[in-house]
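Colleague: Residues in the sequence shown are numbered from 13 upward in steps of one, following our numbering. Glycine included, C-beta positions come from ideal geometry on N, C-alpha and C. Keep in mind it's a predicted model, so treat the numbers as computed, not measured. I'd like to ask some things about the structure below.
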Amino acid sequence: MHCPFCRHPDSRVVDSRTAEDGSSIRRRRQCPQCSRRFTTMEATSLSVVKRSGVSEEFSRQKVVAGVRKACQGRPVGEDDLAKLAQQVEEKIRSQGIAEIEADEVGLAILEPLRELDQVAYLRFASVYQSFDSLEDFEAAIESLRAERDEEA
Ligand SMILES: [Zn+2]
Numbered sequence: 013m014h015c016p017f018c019r020h021p022d023s024r025v026v027d028s029r030t031a032e033d034g035s036s037i038r039r040r041r042q043c044p045q046c047s048r049r050f051t052t053m054e055a056t057s058l059s060v061v062k063r064s065g066v067s068e069e070f071s072r073q074k075v076v077a078g079v080r081k082a083c084q085g086r087p088v089g090e091d092d093l094a095k096l097a098q099q100v101e102e103k104i105r106s107q108g109i110a111e112i113e114a115d116e117v118g119l120a121i122l123e124p125l126r127e128l129d130q131v132a133y134l135r136f137a138s139v140y141q142s143f144d145s146l147e148d149f150e151a152a153i154e155s156l157r158a159e160r161d162e163e164a
């Protein structure tokens, strides 16, 4: 990190703070040559490791794309999807990890999606958790019912 005042190539970190959503780190730095201080914002990287072993940068767009299909015909708007993707990202980043398995991203989607729309949740869960029988659906619906009754 070059000093913006004298272009000295090194700097010393005097303070680091992570943004609330975990997506960036704010650093106070001091130049050892001219002693002036400056602030940098650095994005923290979050990689998603796919089953194939290939990793890619986490993307909210991909979360939205994955969930949109399950929401077809449901009263779920683009704003809802964007908010859900943000919740998913914040939840993952709050764990303070730099890498996550694709399956874990799916897990992180389930809870906010259940809050958003139960039918979309069932559709998504059936694909993600590979439901392969009526019993799997029954068990999932049963747990939704139990939750609803608890709230009532
Ligand atoms: Zn300097």
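Quick one: which unbroken alpha helix (DSSP H) runs of 4-plus residues sit fully inside the region 65 to 139? Chain order, please.
Modeller: For the region 65 to 139, whole alpha helix (DSSP H) runs of length 4 or above, ordered along the chain, are 72 to 80, 90 to 105 and 114 to 128.
Colleague: Residues near ligand 1, CB to any non-hydrogen atom under 6 Å, in chain order?
Modeller: That query returns the following residues: Cys15, Phe17, Cys18, His20, Cys43, Gln45, Cys46 and Arg48.
Colleague: Which residue marks the beginning of the alpha helix (DSSP H) containing Phe149, and which one marks its end?
Modeller: Here the alpha helix (DSSP H) through Phe149 covers Leu146 to Glu163.
Colleague: Please check the pair Ala137 and Arg63, which I expect to be a contact at CB under 8 Å, by giving their CB distance rounded to whole angstroms.
Modeller: 18 Å between Cβ atoms; not a contact.
Colleague: What number of angstroms, rounded off, separates the C-alpha of Val75 from the C-alpha of Arg38?
Modeller: In a straight line, the C-alpha of Val75 is about 26 Å away from that of Arg38.
Colleague: Please determine, among Gly34, His14 and Ser155, the residue with the shortest C-alpha to C-alpha distance to Ala110.
Modeller: Comparing Cα positions, the closest option is Gly34.
Colleague: How many Å lie between Val61 and Ile112 at the Cα?
Modeller: Approximately 6 Å between the Cα atoms of the pair.
Colleague: So is Asp129 buried or exposed if we call it buried at 16+ other beta carbons inside 10 Å?
Modeller: Its Cβ being crowded by 16 or more others within 10 Å, Asp129 is buried.
Colleague: Tell me, to the nearest whole angstrom, how far the beta carbon of Ile202 is from that of Val88; I am working on the premise that it is less than 8 Å.
Modeller: What is shown of the chain runs 13 to 164, which leaves residue 202 out entirely.
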